[in-house]
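Here the sequence shown stands for residues -20 to -1, 1 to 658, where the numbers follow mature numbering (1 follows the signal peptide of the UniProt record, and there is no 0).
By construction, the Cβ of each residue, glycine as well, lies at the ideal position given by its N, Cα and C atoms.
These figures come from a predicted structure and were not determined experimentally.
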Amino acid sequence: MKVTGFISLWMLFSLPCGQLANPAEHEDVVKHAIKLHRGKGAVITQRKQWVLESCRKLSGLLRQKNVVLNKLKNAIRAVEKDAGLSDEEKLFQVHTFEIFQKELNESENSVFQAIHGLQRALQGDYKDVVNMKESSRQRLEALREAAIKEEMEYVELLAAEKHQVEALKNMQHQNKSLSMLDEILEDVRKAADRLEEEIEEHAFDDNKSVRGVNFEAVLRVEEDEANSKRNASKREVEDDLGLSMLIDSQNNQYILTKPRDSTIPRADHHFIKDIVTIGMVSLPCGWLCTTIGLPTMFGYIICGVLLGPSGLNSIKSIVQVETLGEFGVFFTLFLVGLEFSPERLRKVWKISLQGPCYMTVLMIAFGLLWGHLLQIRPTQSVFISTCLSLSSTPLVSRFLAGSVRGDKEGDIDYSSVLLGMLVMQDVQLGLFIAVMPTLIQAGMSTHSSIFKEILRILILIGQILFSLAAVFLVCLVIKTYLIGPYYRKLHAESKGNKEILILGITAFIFLMLTITELLDVSMELGCFLAGALISSQGHMVTEEIMSCIEPIRDFLAIIFFASIGLHVFPTFVIYELTVLLFLTLSVVIMKFVLAVLVLSLILPKTSQYIKWIVSAGLAQVSEFSFVLGSRARRAGIISREVYLLILSVTTLSLLLAPALWRAAIMKCVPRPERRSST
């Protein structure tokens, strides 16, 4: 074993030598190595002779490399002392010599790194998978570092070439007189070079040594084109603009977010095509749902299913589409707040606060009970129960959109109770997102530290409650001192020009969104509060702003519901239809019963009849379970199978929601009001 390891070790010395020798010697070395490996036609003396010759060649190459390095150093000193050369020519020649020095040093390092890797492999156990995995990881890291060095060397060569061109231009300028136009263009060129140097961020060099940054191999691919000849020039342009797509080893796809040269405008054509496609396909899907009596939002979800990964798979910029769709949620909740006046909020604030809290506690209790019977981890049971306890605010907002509801004397309007409870659930959503890291740590910790985790969760809840108090204090200040003068100024400046009004209202929405986000409360709550604050200025203000914002909301809501359809997988639903229907009906019935029970306890006796409508509005699962589920899956709280079950149950419950809502409206709402509510 020692003799074989020694010979194999020196065989690696010979391979780089063969690569540096002529092709005939390289072929002889390879053939001899194959014979040694197979044990054919080789005697001990020939092996020793072969090893000695290989070592002589390697040592000779190393000596030659040292001689060349000394000559390069002398050449660099000679260039620097040469007074006949311009600064540009000196920079170019010195840069070229330094690059060649790096090339020689890197070639030598590669030889000895390969020898070290072979030695480590020979010392290992061929049955030890962990050791082989570690060796593979180290080789992969070495290859990544080599690729980075080679990339840097290529960039340096480009810079050297640029210096050479500048030196040639300077020589030409010295030999001939320039016209006025040439002088102007030369000044513009120098100014453009300075501009590029000023705006260039060097993000690669600045971040490659940052802790937590890893080097990975990625594929750069271009868009598939049916007619390569017709689109050849287009692809060349896209190459220059950097609009290709990168794919890593985990099949994640990346697009350009910020180019190196910011002076050239660029557009993400994939994203443009995706938005255009969604807009065209949403029309027939929404039209079809309207024809058969379903809300148009289900047509938009069907559009997402058809274009998403489970359908035609034509949407490339999924993350960008979902991001744009989030603005649909923001504007939807703003209009909800615009219709939800502070007077209504004061009337139902106790019910809005108590109802969701009681329902969440009961859902978690039932989840822990079923989790104990089915032997599910407590953290997983708590997470699933919390996800299922949330209801969809955008969906219910669409149910209530445009309805004309008047409160009966002494009664509470069901829309006020329902929207108030949904807003409180949005607050709970922000609280749960904030608690998730602690929940993850609690799932990984031992039983001895559970008390500390519970204490940490309680402290975090206290921080969120403090943030909520700060948010409402800010709202009180804005309502008292700022919102009135701000709107009057907007109204005065926007006469004959609605752009200022739309921009001013949008800026106010984003301001409230930013405030709640900075205070670690959900951004959705900030949008709702922005609408509620503006609604305090009166009915005429509300009508004017609603007429301007509604078209924007409608378009962005189409994108949002289509993005939900991107995560609906019909094949999985069909395969497990029986199980999913049972789970969905169980969840819907449980939420309906718990809502009726809680509302029976907290509603006044004169308003008990609205508990059926409010419970029907809450008996579905929020689309934000997609977000929570994806985060929990990445964190390891839930498995892939549980994640798909949550997505499917959420989708089916949203599909059942209109039928349940209409049944409740038909049963509990008088006929004149029923017509406007449906």
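Cα-Cα separation, residue i to residue j
i	j	result
residue 364	residue 619	11 Å
residue 356	residue 110	31 Å
residue 637	residue 630	11 Å
residue 36	residue 93	19 Å
residue 266	residue 554	23 Å
residue 480	residue 558	54 Å
residue 502	residue 332	17 Å
residue 338	residue 578	7 Å
residue 508	residue 314	5 Å
residue 95	residue 87	13 Å
residue 478	residue 121	58 Å
residue 506	residue 369	22 Å
residue 539	residue 269	17 Å
residue 73	residue 52	11 Å
residue 490	residue 616	33 Å
residue 326	residue 488	23 Å
residue 293	residue 224	18 Å
residue 263	residue 635	19 Å
residue -14	residue 31	Note that residue -14 has pLDDT 37, beneath the 50 cutoff, so the model's placement of it is unreliable and no number is given.
residue 256	residue 138	40 Å
residue 287	residue 71	55 Å
residue 47	residue 124	30 Å
residue 352	residue 621	19 Å
residue 89	residue 45	12 Å
residue 276	residue 534	11 Å
Sequence-distant residues of the same chain with beta carbon closer than 6 Å to residue i, five excluded per side
i	result
residue 199	227
residue 590	394
residue 463	513
residue 136	79
residue 610	none
residue 250	296 and 297
residue 549	290
residue 518	none
residue 389	Note that residue 389 scores a pLDDT of 45, beneath 50, so its modelled location is shaky; the value from the coordinates is reported in the next line. None.
Residue i - DSSP class collapsed to helix/strand/coil
i	result
residue 124	helix
residue 243	coil
residue 600	coil
residue 374	helix
residue 556	coil
residue 278	helix
residue 293	coil
residue 518	coil
residue 619	coil
residue 254	helix
residue 499	coil
residue 355	coil
residue 474	coil
residue 583	coil
residue 454	helix
residue 272	coil
residue 406	helix
residue 304	helix
residue 506	helix
Cβ shell of residue i (< 7 Å), same chain only, five flanking positions each side left out
i	result
residue 458	513
residue 336	401, 404, 405 and 408
residue 101	115
residue 455	509 and 513
residue 496	451, 502, 503, 505 and 506
residue 2	Interpretation of residue 2 is limited by its pLDDT of 49, a score under 50 that renders its predicted location unreliable; the figure taken from the coordinates is listed afterwards. Around residue 2: no qualifying Cβ.
residue 499	447, 450 and 451
residue 543	284, 301, 302 and 305
residue 526	315 and 318
Identity of the residues DSSP links to residue i by a beta bridge
i	result
residue 201	225
residue 234	226
Chain-order list of residues whose beta-carbon lies under 8 Å from that of residue i (same chain, five-residue window excluded)
i	result
residue 330	582
residue 348	358, 361, 362 and 365
residue 248	223, 235, 236, 297 and 300
Contact test: residue i Cβ vs the ligand COA heavy atom, cutoff 8 Å
i	result
residue 494	Looking at this structure, you won't find the ligand COA or any other ligand, since it has none at all.
Complete runs of the alpha helix (DSSP H) confined to the segment 40 to 100 [at least 4 residues]: none
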